[in-house]
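Numbering (the working numbering), first residue to last: 225 to 387. Glycine residues also receive a C-beta, built at the ideal position from the N, C-alpha and C atoms.
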């Protein structure tokens, strides 16, 4: 992912009002982030714990999505829909995102189960255990990274296009 400035992040949101963009609390460590190891930028609002944001590169442009954590808790421990990590080193929660445009104004939303603090980029970069003799662990990691990017961009398209 390419490094982003505060202004680029605020301007990127598809499903947020001007006041929501203006009042958004951005991470303070943007300059020190390892952008090359990020497949998307995800962060929580420290003042509003149920509010989160995800910035994705879609068609070579940053696309921001405002998320709200739902109150519903799954009965069993869910798996993240983006990184599909089976080790589950962190909690997975349900987020809802208003769709962009008229659909969002009508109240249409998209839900997704995601790592609570957006650790997906770290999770997919861990070398998987060897499944069999001759298993290419590096290739498996590369496939997990590509799958994460695909899942995140598909979600962003669903929010943007209303599909």
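Distance between residue j and residue i (C-alpha atoms, nearest Å)
i	j	result
residue 232	residue 357	47 Å
residue 257	residue 265	10 Å
residue 234	residue 304	26 Å
residue 268	residue 275	6 Å
residue 290	residue 364	31 Å
residue 261	residue 347	11 Å
residue 350	residue 297	27 Å
residue 352	residue 338	20 Å
residue 329	residue 280	22 Å
residue 386	residue 373	19 Å
residue 382	residue 236	16 Å
residue 226	residue 355	33 Å
residue 340	residue 361	26 Å
Bridge partners - residue i, DSSP secondary structure assignment
i	result
residue 286	281
residue 229	None; residue 229 has no bridge partner.
residue 342	Answer by DSSP bridge pairing: none, since residue 342 is not bridged.
residue 275	292
Cβ distance (whole Å) where residue i is taken to contact residue j below 8 Å
i	j	result
residue 248	residue 277	7 Å
residue 319	residue 335	7 Å
residue 286	residue 228	6 Å
residue 369	residue 283	At roughly 19 Å, the Cβ-Cβ gap does not stay under 8 Å, so residue 369 and residue 283 are not in contact.
residue 384	residue 272	Contact doesn't hold; Cβ gap of about 23 Å is too wide.
For residue i, the first and last residue of its enclosing beta strand (DSSP E)
i	result
residue 331	No beta strand (DSSP E) contains residue 331, which DSSP labels as neither H nor E.
residue 320	316 to 322
residue 265	265 to 268
Alpha helix (DSSP H) segment containing residue i, residue limits
i	result
residue 213	The structure shown does not extend to residue 213, since the chain is modelled only from 225 to 387, so the question has no answer here.
residue 247	242 to 247
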